[in-house]
Structure formats: structure tokens, C-alpha cells
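Asker: Chains as they are written, first to last, in the working numbering: chain A, 1 to 400; chain B, 1001 to 1281.
Glycine residues also receive a C-beta, built at the ideal position from the N, C-alpha and C atoms.
Can you keep this structure in mind? I'll have questions shortly.
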Amino acid sequence: MTETHRMISPEDAVYMDNNATTRLAPEVLAAMMPYLQDYYGNPSSMHRFGGQLGRVMAEARQKVATLLGAASEEIVFTSCGTESDSTAILSALQSFPEKRHIVTTRVEHPAVKNLCENLDSLTGHKHRLTRLPVAADGTLDLQKYEESLSDDTAIVSVMWANNETGVIFPIAEMARMARERGILFHTDAVQAVGKIPINLQDIAIDFLSLSGHKLHGPKGIGVLFVRRGTPFVPYLVGGHQEKGRRGGTENVAAIVGLGRACELAAEKMAEENTRVKALRDRLEEGLLASIPHSMLNGHKQDRLPNTTNVSFEFVEGEAILLHMDQYNICASSGSACTSGSLEPSHVLRAMGVPFTAAHGSIRYSLSIYNTEAEIDFVLEKMPPIIAGLREMSPFWKADA
Amino acid sequence: MWEYTNKVQQHFLHPKNVGEIDNPDGTGDVGSLACGDALKLTFKLDDKGVIADAKFKTFGCASAIASSSVLTEMIIGMTLDEAAKVTNEDIADRLGGLPKEKMHCSVMGREALEAAIANYRGLKLPMAEGEVVCECFGVTDLEVIRAIQESNLRSVEEITNFTKAGGGCGKCLDRLREILVATTHQGSGLVQIVDKNKRPQRMTTLQKIKKIEEALEREIRPGLRKDGGDIELVDVDGDFVLVSLRGACTSCTKSRTTLKEFVEKKLRELVLDSLIVEEAK
């Protein structure tokens, strides 16, 4: 934003935008360093200097599998969550070329949403897309979901938890309903992994996507879980890496980092769901109490422990964020101006959030690195920011 | 993250002239909550007809607030005729530039100013009388055409950046492309948008003259007379309608706009949609 290129230091940032990306855990960086600095070999090499990295990757793969309750051979490393999503959906369509129906929701991340909306031009075949609506609190109607499933359905792709509101969908039950009909089930679990317990042994999911940088791991690494026995067609075709399921030389350092991040996530899971959740609740209750005409977006209980999405009526999100930025408070907004498009977030619109509120929505997403003092700081700064902008707003009536 | 200039940041963080003038001489209200930005501009004239005070209330992003603030600063001290010449480019320039996706914020400032001046003069806004092209953001063809001409736009994406048209459901994108092609090809403001569904009408010259006279008297003169102006029909040659502006209109800097966007538009609507209005020299 500034013309001078002064960097905002991490010590100064009050970082509450963890659904966008997270801080690389120092333990993760430490685990990665040898593979960035010294062990630069290629795991596919015949010589031991390169080949020894195969064992290192196997350990990391096991750690990821453990966090998910999966077997290590079910873990395919990719470059990001988006690649995992594309791989899963396109694989299912190629495995069942006679099936041309996809079930998804109106609140998916663009990685799934835009792929599904452009399948016809991408594949050259016509597809039928069911985009399940959500209620005002962001939850799905399971009956509508069940009715949408048909013999023609190739795959269901439903996110585990929504990135904007944190609302959690009943994935276990939805996967079971798909399985009963022989339909493949994919979930974009990028926001859920590391924040809530997941055990794929008990759940009839065929594909699951996750992303390293959402759980204090590095950017540029993702995972696609592919259940053993699930038909699979690779997306990146090339070398024999990942048992032929994903070509391309392995990003060894990032894979090691992700393994360590998954280990840490398991260790911190309890803290995430107690201390972080308490911080989130304090922030949310404080904001709603101190700022009139503010409201929570999304279901209050069925939600990630770290996320709160609050609308401040009659003011615009970008303006709010840039005032917060003056105090180095980092968050996100579903407003039109911040989305790069001219319309507010598709998630809030699907929920029917009124325009008076959609444009003024702010998402705070916390992590284990947040402190009580930071919550106090944000609670102190927010009311005057909102009051100042409202004074400027032609829609705001002071006595309202 | 947008790259905002220091000037934009200053006006956003410390806006000038926030508020609403009591009993203003002119009020301009544009935008809406649904559109994501809105601006209410009020001004007061002194006894010499100079803008003595101007205030704004804006709902919108940083560049909308900065555009509003700098606009009030620019027009205080101007006569209405001077203020009427302020363009969205002037507003953006004063801010040291705006990101291209945010140019519509400066357009909103200019529209509010126009609306406030029209409100003072008791005129209807010519721009708003066009045909709505973009339903999501309520943008008319006349607004699109003017943006294309004034800011030299060359793509539909640029039209969206400047007017927001096409930024919602996207249904009007083909129509915007048509308008862009028609406008850039015809140049010089003589824009004619052919409605394919309408068959060309045939009329004798005498019929045209009669209908034009009728439209001038009933729909056009009353508006101009409010501002102390008038209009006379000089000649009709095919589709060319030669007119002469009288009274206050002769010295008005906006006379060409009035001619094209008010007189011509009205005559096309009421008489024949192929008419081209020109001033007799």
C-alpha cells in the first residue's frame, strides 16, 4: 500500500488471517533446513546421496498419514490444495466417463467452484452441475443433498469447512450417503486439517485435499489422499514419482516440512480447540457487544475453533481493513472491493446475507500464535474504526 | 492488495469535508448499498455563484472515500460552470492516479457532482435517461459510451473498471462489446446504436419537422428555459437536425453535452432513432 517499501515486521503484525495462510512454525523451518541447504539430491537417483532422501520422504508421508488416520501409501504429495482438488475431480470424471453429473455446493473455494463451472470447456464434454444451496447460517440441507445424488453422479465434492465462515459440513454422513450409491466422494479439507480431528479410517471419503501452508507448514506443498482401491487417473503425467500418481521431482524440503507440521498439528489440536477457541469467542463476543449493528455470519456451533466472520452494517470491508492495517492488524473481508471483483463474496451471497452487511464483513482467523493481549488490542481498536467510517456513510443514521 | 498512492492514503485516512450541508443548493446522490459504493455530495453557493462549501458522505472503499474527499477540495472555489468541467480523470490525476480496477470510484465522484449540479439547475440527468445495459449495477448505455469516449477505453474489461458495467452476472458483456465497437468506430460522439429488432422507420421531411417541433416544445424547451436557455430548429436535412442554442445555452460550456445527450437523445426517442443533432454555425 505504501510507496516506500518499508516491510511490516512479523513482530509488529497482529496476525488474524490464518485461513489465508499461516506462520511457518519454527520447528518446521528447522526440519526443512538440511534439505534446503545440504541434501539437495534427487530421491529418484541410483546413488545413495540422492536415494537416501526416499527414506526421509517416507517418514514425512507417514506423519501426514497419521494425522489423517490414513495409510501412508494413500498420501500423494502435490504442489498445493488447488492441484489436489483438480486431480481428484478430473480423475473421477475420467474413471467414470459415462457419468456426467457432479454435486458440489454454492460456497466452495474457487479451486473447486471455478473448476466445476468450467468443466465443459476443460474436458470437451457436457456436464450437469448441482450446486447445493446453504441456509442463512451457512449449513447444508442433507435431504436436498440426498435427492441430488443419482446414477449419473460421477463425484461429490464438498468442502469440510468453509474458509470464510468456518462452518463445518457433516462430511462423514455425506460421504456415507455417496458410498451407499457407489459415488466417489471428495472433500477439500484445506481449512479443516490441523484444526479439528480427522480420522479417515472411520469415514467413507475417497479423496481429500490439504495444503501445507494452512497448518504452519510451507507454501508450495499439498496432499491428495486417495483411498486404497479408489480408481485413479493422474493429473500431472510424467515420471514415476508418487508411484506414478503425480509426475514431477519431489519438493523434498517442503515434504519434510509438511510432515513436521502435521506432527505439530496433532500435538496442538487440543490447544486449538480450547485456548484458541476461547480467544476467538472472546473476540467475537467483544465485537458484537461493543459495536452496534454488527452480526455473526455462519453457524455459531458447527464451526472451526479459530474462525469468526462478523459483519458491520453500513460500512465497507476494504475501508475497514485498511484502517485496521494502520495498526498492523491483519484480517480479510468478503466485500466486493477486496475480492478483486465487483460483487461481495459468493459465500455470503449464498447465505443470503443482506447487502447492508455483506460489504462490511470481516473474517478474523486465529492460530496458536495469537495472544490474549492481541485480542484486547483488536477489541480496543475496532469500535472507533467502525464508528469513524459510519459517520462518513450516507446510509448510517446515528440514532438507528 | 491495491497499490494506493500516498495522496489516496492521506485522503482516505484523513478525509476533508465529511458531512452534509444543511439546506444545500445542490445535492447529488449516486450509487447504492447493493452496488457496494455510494456517494452523497452537497454544495452551497455564495452570492457570486461560486461553490462556497461542499461536503460528502461516502460508503465505499479507500479509493471511493479518497475520490470524494479530493473532489470536494477541488470544487470549492469553482463556479458551477467550472465544476461541470471536472472529469473523472481530473479526480484520479489529483490523487496521483488510481489502480485501473478502481477508476469507477473517480467516475462515481464525477457522477455525484453532475447530479448535484443538475439538481441545482432543476435538470434531469441526461446520463440516467439512457437504456440500462448493466442491470447488476444500473449502468446506462450513455454512461458506457461517455466513459469509452472520454477515457479512450479499448476493451470490455476497461469499461468494467471505469463504470462497473459487466462486473456482476456478466450477462451484458456481449452488449458492452457491441457498444464498444459502435462507439470506437463512429468516433466524434455521433454514436448510433442500432437496435436490430427495430425496423428503420420512414418519414417525410415535413413529418419530421412537425414531430421535431412538437418534441422541442413539449419535452426539451422547458428544461433549457429553467436555466435561462432556449433552442430553435434551423433546418432538417435527411437525418441531420440543425439547431441553434439561445440565451444562457450559448455561453454554457456544457452545450455540446446538452445537445448530444439531452436534445439528440430525446429526439431519437420521440421522433426517429436515426436522427443526428448538430449545432448550426
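#1: Kindly identify the DSSP beta-bridge partner or partners of N309 (chain A).
#2: Using beta carbons (cut-off 9 Å, strictly below), is L129 (chain A) in contact with chain B?
#3: Taking its Cβ as the centre, do 16 or more other Cβ atoms sit within 10 Å of N1197 (chain B), making it buried, or is it exposed?
#4: Helix, strand or coil: which one does DSSP assign to F1240 (chain B)?
#5: Taking its Cβ as the centre, do 16 or more other Cβ atoms sit within 10 Å of F185 (chain A), making it buried, or is it exposed?
#6: The alpha helix (DSSP H) with H346 (chain A) in it runs from where to where?
#7: Please list, in chain order, all residues of the same chain as D1029 (chain B) whose beta carbon is under 6 Å from its beta carbon, the five residues on each side excluded.
#8: Short of 7 Å Cβ to Cβ, which residues in the segment 1060-1081 of chain B face chain A?
#9: Quick test of your reading: I255 (chain A) and G69 (chain A), contact by CB under 8 Å. State the CB separation rounded to the nearest angstrom.
#10: Between the segment 374-392 of chain A and chain B, which residues of the former have CB atoms less than 8 Å from a CB of the latter, in chain order?
#11: Can you tell me which of B:V1144, B:L1071 and B:V1277 puts its alpha carbon nearest to the alpha carbon of A1084 (chain B)?
#12: Determine which residues share a DSSP beta bridge with D1230 (chain B) and list them.
#13: Checking the sheet assignment: what are the DSSP bridge partners for K1055 (chain B)?
#14: Could you tell me whether the Cβ atoms of K1208 (chain B) and V1107 (chain B) are closer together than 9 Å?
#15: Quick check on D1038 (chain B) - is its C-beta less than 9 Å from some C-beta in chain A?
#16: Which residues, in chain order, does the segment 1011-1043 of chain B contribute to contact with chain A at a C-beta distance below 9 Å?
#17: Using a Cβ-Cβ distance under 9 Å, would K1057 (chain B) count as near chain A?
#18: Between which two residues does the beta strand (DSSP E) harbouring F225 (chain A) extend?
#19: Does the beta carbon of Y40 (chain A) fall short of 8 Å from some heavy atom of the ligand FAD?
#20: Using CA atoms only, rank isn't needed, just tell me which of B:I1231, B:E1150 and B:V1277 is closest to V1241 (chain B).
#21: Leaving out the 5 sequence neighbours to the left and right, which residues in its chain are closer than 7 Å to G1077 (chain B) when beta-carbon positions are compared?
#22: Looking at the C-beta of P394 (chain A), does it have a partner C-beta in chain B at a distance below 9 Å?
#23: Taking a cut of 7 Å between CB atoms, which residues from the segment 1115-1134 of chain B lie near chain A?
#24: Which value, in whole angstroms, describes the spacing of the CA atoms of R1218 (chain B) and R1225 (chain B)?
#25: Any idea which residues DSSP pairs E1278 (chain B) with across the strands?
#26: Candidates B:V1132, B:L1180 and B:R1146: which alpha carbon is nearest S1155 (chain B)'s?
#27: How far does the beta strand (DSSP E) with F295 (chain A) in it reach, from first residue to last?
#28: Apart from the five residues just before and just after G286 (chain A), which ones in its own chain have a Cβ nearer than 7 Å to its Cβ?
#29: Could you compute how far the alpha carbon of A1066 (chain B) sits from the alpha carbon of E284 (chain A)?
#30: Between the segment 1131-1165 of chain B and chain D, which residues of the former have CB atoms less than 9 Å from a CB of the latter, in chain order?
#31: Using a C-beta cutoff of 9 Å, does V315 (chain A) count as contacting chain B?
#32: Mind checking the segment 352-363 of chain A against chain B and listing, in chain order, the residues whose C-beta falls within less than 8 Å of any C-beta there?
#33: Less than 6 Å between C-beta atoms, sequence neighbours within five positions excluded: which residues of the same chain meet that for R181 (chain A)?
#34: Quick check on the burial criterion: 16 or more other C-beta atoms within 10 angstroms. Buried or exposed for D1081 (chain B)?
#35: Taking the continuous beta strand (DSSP E) assigned at D188 (chain A), which residues delimit it?
#36: State yes or no: is the beta carbon of A331 (chain A) nearer than 9 Å to at least one beta carbon in chain B?
Answerer: Let me lay it out:
#1: A:R363
#2: no
#3: Note on N1197 (chain B): pLDDT 44, under 50, position unreliable in the model; no value is reported.
#4: strand
#5: buried
#6: H346 to A350
#7: K1040
#8: G1060, C1061, A1062 and I1065
#9: Wrong, their Cβ atoms sit about 20 Å apart, outside the cutoff.
#10: E391 and M392
#11: B:L1071
#12: B:R1246
#13: B:T1042
#14: no
#15: Reading off the sequence shown, one finds Ala at residue 1038 (chain B), where the question assumed Asp. Closer than 9 Å to some Cβ of chain A, the Cβ of A1038 (chain B) qualifies, so yes.
#16: F1012, L1013, P1015, V1018, G1019, E1020, D1029, G1031, S1032, L1033, A1034, C1035, G1036, D1037, A1038, L1039 and K1040
#17: yes
#18: G222 to V226
#19: For the ligand FAD, the structure offers nothing, since it holds no ligand at all.
#20: B:V1277
#21: V1050 and I1051
#22: yes
#23: none
#24: 12 Å
#25: B:L1242
#26: B:L1180
#27: It is worth fixing the name first, because residue 295 (chain A) is Met in this sequence and not Phe. Segment S294 to L296, the beta strand (DSSP E) holding M295 (chain A).
#28: L379
#29: 30 Å
#30: No chain D appears in the structure shown, which is made up of the protein chains A and B.
#31: yes
#32: F355, T356 and H359
#33: L149
#34: exposed
#35: L184 to D188
#36: no
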